[in-house]
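Accompanying notes for the structure given below.
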Amino acid sequence: MEELLRVLTLALGELLAPATAAYALAAIGLNVHFGYTGLLNVGQAGFMLLGAYGFGIATISGAPFWVALLIAMAAGTLFAVILGLPTLKLRGDYLAIVTISAAEIIRMLGRSTLFDDYTGGSAGIRGGDYKGSFQELSFLPDGRTMIGPLEYLNNGSDSWWTRLFAWSLVILALVVVWLLTRSPWGRVLKGVREDEDAVRALGKNVYSYKMQALILGGVLGSLAGIIFVLPGAIAPDAMGRTMTFWVWTVMLLGGAATLFGPVLGSMLFFFVYMIVRAGMRTDVMEFLPIPTQNVDHVAGVLVGVTLMLIVIFRPQGILGNKKELALDAR
Amino acid sequence: MPDEKTVNENETGAAVPGGDSQGAPAPSETAKRAGRDLSHVAPEVGVAKPDAILTARGVQRRFGGMTAVDVDYLEVERGAITALIGPNGAGKTTFFNLLTGFDRPNQGEWSFEGAPISHKSAARVARAGMVRTFQLTKALSRLTVLENVLLAATKNPGERMFASMFQPLWAATEARNKEKALEILERFRLDKMRDEYAGSLSGGQRKLLEMARALMTDPTMIMLDEPMAGVNPALVQSLLGHIQDLRDEGMSVLFVEHDMHAVRHISDWVVVMAEGRIVAEGPPGSVMKDQAVVDAYLGAHHDTDLGDDALLDPEVLARLEAEEEKR
Ligand SMILES: Nc1ncnc2c1ncn2[C@@H]1O[C@H](COP(=O)(O)OP(=O)(O)OP(=O)(O)O)[C@@H](O)[C@H]1O
Ligand SMILES: [Mg+2]
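So the protein sequences, as listed, match chains L and Y. Note that the UniProt record's numbering has the first sequence beginning at 1, numbered continuously upward. Note that the UniProt record's numbering has the second sequence beginning at 1, numbered continuously upward.
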């Protein structure tokens with residue numbers, strides 16, 4: 001019983017964890033791409049890693065926190081422009097191929113010895129090297145705080161301060177995306193998603209709208225990358241294809257083209273993921289023929305199966321509109 | 001041309017043909033003008049028009065070895081309804097795609113309102129005032145009917161990314177657009193469907209929605225690719241009325257249509273394409289009797305008039321077909 005409570009507490013902790021916020025933010029960005037504009041970005045982790053590098057390297061070079069943040073956003077913008085320029089005029093699949101390979105290229109370059117002095121190669125960048133300026137910003141008093149069953153340090157890496165900042169950023173992103181998508185601008189994006197040529201025939205510069213969407217979603221991805229590395233370190237191999245795959249799962253789980261879908265999806269995803277992983281390690285589950293060292297692999301398999309089940313049985317996600325989706329199944 | 005945009009007061013006020021009301025409204029000044037202007041034009045391929053809004057020269061489009069479009073010279077009269085007809089595969093849609101920037105020609109150029117637009121993108125052609133609809137309709141499925149039409153409005157400051165975040169900057173424009181959109185929807189009898197997803201509309205309703213969307217852009221010239229296909233016959237009559245109203249409001253209309261009766265009923269000028277080339281043009285009455293046209297449609301050796309009501313009769317058609325096969 002006590003063990004189950006412990007598992008539940010761990011899972012509850014996941015609801016507020018900085019990583020959950022990071023995935024939510026990355027999925028909000030991906031939702032701008034895919035959910036609202038229909039752009040197939042299969043390299044969101046590339047934007048995240050680039051944001052993390054941009055922030056980390058700028059901070060280490062002496063940039064103040066907000067400047068480093070802007071540099072990360074600029075890196076995301078530049079990446080979006082480079083990927084979008086040649087592909088957004090072509091059919092959608094080209095963007096998919098280019099984003100997945102570009103994300104891998106960023107990771108490979110990061111972990112190579114070429115830029116060792118900046119990226120630290122495959123070992124990455126230690127958290128301590130770039131977290132200072134962020135933690136100094138905290139206005140929370142030192143010490144520990146317990147809220148409900150959750151207790152963390154007020155300041156530091158895995159702290160309330162990090163959570164406060166991360167979720168504030170998520171809320172800010174939600175507000176911006178809400179303002180944009182309810183506007184005529186958002187309506188054009190949805191038009192592009194439905195049929196580019198129809199929108200073109202009405203005199204809109206489709207290419208430019210797609211580029212704007214790609215940049216917006218990419219910048220949100222870069223910011224998500226910063227949040228992701230604030231409690232830990234920058235490790236390129238932790239931000240690869242698996243990460244992109246999880247961001248997609250999170251977005252589809254919550255519901256593409258819905259405002260809160262990405263946030264709900266991320267919370268639910270990590271809540272359940274923790275229950276599965278921690279749960280399989282408890283004595284209660286001893287009857288399962290899964291050795292402890294394989295628990296993470298099994299959990300990974302379950303994530304994949306979940307994604308397949310969502311796409312097959314509830315393609316609109318949790319918050320999505322069934323009626324809206326039915327129109328597609330013609 | 002001082003009176004192009006002059007709107008006939010009596011006409012527009014009551015421009016909502018209640019439905020199956022037969023007979024075209026009495027021709028307005030503009031209509032009469034177009035009719036009069038074109039009545040002195042010789043019915044010859046490539047003939048110059050008194051006031052051309054669109055002029056195409058040497059337009060060719062080849063797909064592999066096959067030449068889909070090969071138009072030497074064509075002028076389309078301003079403020080008139082011009083029909084583009086021709087058998088399946090004649091190249092009408094391809095020609096439309098070229099003119100509106102959705103396809104690139106192998107050679108040729110054309111100008112719209114005196115300015116060359118042959119190398120402009122589709123969006124810029126539309127912004128120049130030449131707006132089209134598609135033969136295979138493009139309803140924006142997961143947008144509502146009203147949103148479909150609102151999307152078409154031009155010069156909405158809310159469509160700029162940064163301005164869009166501040167509603168006061170675009171709320172007024174949006175409200176005005178909405179009023180106009182509802183008016184247009186009412187004209188096409190789609191107002192009751194305004195909040196339905198466009199994807200749930202029937203094929204005929206989508207045709208109407210697409211036309212509504214095109215009109216929302218306030219085009220100078222509207223290009224309709226088979227606007228009547230799939231539309232309920234009772235509504236066809238009022239649709240024809242709408243198209244005439246557009247002309248009477250000063251808009252130029254170029255439309256592709258297979259329904260010869262519709263063509264004969266409303267067009268001021270008919271252009272006939274076959275195998276990529278323009279084989280005839282002229283006023284509807286004479287063109288449909290033209291031997292080259294009859295040949296293109298019904299095969300050689302018929303002296304039937306395409307506008308002949310007898311062609312509506314399946315028996316007559318079957319007989320014609322049988323005759324053709326015997327040869
Ligand atoms: N993208 C393409 N690739 C290859 N061939 C094409 C393409 N588009 C059109 N064609 C060919 O060009 C010819 C003209 O086609 P088009 O669609 O313009 O005819 P149409 O006059 O509009 O016919 P319909 O009345 O049936 O709509 C056809 O033979 C068609 O097969
Ligand atoms: Mg066609």
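We put the beta carbon where it would ideally sit given N, CA and C, even for glycine.
- In the structure shown, L:R182 falls within a coil segment according to DSSP collapsed to helix, strand and coil.
- Chain order is used for the residues whose beta-carbon lies nearer than 5 Å to a heavy atom of ligand 1, namely Y:F63, Y:A68, Y:N88, Y:G89, Y:A90, Y:G91, Y:K92, Y:T93 and Y:T94.
- Secondary structure at L:R314: coil, using DSSP grouped into helix, strand and coil.
- DSSP links L:M146 through a beta bridge to L:E151.
- Close CB contacts of L:L49 within its chain, under the 7 Å cut and outside five residues either way in sequence, are with I106, R107, G110, G225, P236 and M239 (chain order).
- As a beta-bridge residue in DSSP terms, Y:Y73 pairs with Y:R57.
- As summarised for the segment 219 to 281 of chain Y, the continuous alpha helix (DSSP H) elements at least 4 residues long and confined to that stretch are 233 to 248 and 260 to 266, given in chain order.
- Chain-ordered listing is empty here: chain L has no CB closer than 7 Å to the CB of Y:T82, the nearest sitting near 19 Å.
- At least one heavy atom of ligand 2 lies less than 8 Å from the C-beta of Y:V256.
- Counting the other CB atoms within 10 Å of its CB gives Y:Q237 a total of 16 or more, which places it among the buried residues.
- Residue-level contact check: L:K322 does not touch chain Y, since none of the beta carbons of chain Y fall below 9 Å from its beta carbon.
- For L:V219, the nearest beta carbon of chain Y is not closer than 9 Å to its own beta carbon.
- Note that the segment 255 to 268 of chain L does not touch the segment 72 to 85 of chain L; fewer than 3 beta-carbon pairs, one per stretch, sit closer than 8 Å.
- L:P18 carries a helical assignment under DSSP once its states are collapsed to helix, strand and coil.
- Collapsing the DSSP output to three states places Y:I85 in a strand.
- For L:R277, the uninterrupted alpha helix (DSSP H) segment begins and ends at G261 to R281.
- Listed along the chain, the chain L residues whose CB falls inside 7 Å of the CB of Y:E174 are P184.
- 9 Å or more divides the Cβ of Y:A229 from the Cβ of Y:A181.
- When the beta-carbon positions are compared, Y:A123 and L:K204 come within less than 9 Å of each other.
- Beta bridge pairing from DSSP links Y:V131 with Y:I222.
- Chain order gives the chain Y residues near L:K204 as A123, where near means a beta carbon separation below 7 Å.
- Of the residues Y:A198, Y:R142, Y:F95 and Y:M288, the one whose Cα lies closest to the Cα of Y:D72 is Y:F95.
- The alpha-carbon separation between L:F165 and L:G54 amounts to approximately 18 Å.
- In terms of Cβ geometry, Y:A126 and Y:T100 form a close pair [threshold 9 Å].
- Under the three-state reduction of DSSP output, Y:M66 falls in the strand class.
- For Y:K120, there are no neighbours in chain L by C-beta distance under 8 Å, as the nearest C-beta there is about 11 Å away.
- Per DSSP, Y:G108 is one residue of the beta strand (DSSP E) stretching across Q107 to F112.
- Y:T154 sits in coil when the DSSP states are folded into three classes, being neither helix nor strand.
- Rounded to whole angstroms, L:V301 and Y:E179 show a C-alpha spacing of 53 Å.
- Assignment of beta-bridge partners to Y:I117 by DSSP yields no partner.
- Within the segment 138 to 200 of chain Y, complete alpha helix (DSSP H) segments of at least 4 residues are found at 145 to 152, 161 to 164 and 171 to 187, given in chain order.
- By the C-beta density criterion, L:T282 is exposed, having fewer than 16 other C-beta atoms within 10 angstroms.
- Less than 9 Å separates the beta-carbon of Y:E257 from that of Y:P227.
- Counted as a single uninterrupted DSSP element, the alpha helix (DSSP H) harbouring L:K131 occupies residues G128 to E136.
- The beta carbon of Y:A68 lies closer than 6 Å to those of R61, G91, T94 and G276 in the same chain, with the five residues before and after it left out.
- Put simply, of L:I227, L:Y152, L:G51 and L:V219 the residue whose alpha carbon is nearest the alpha carbon of L:F134 is L:I227.
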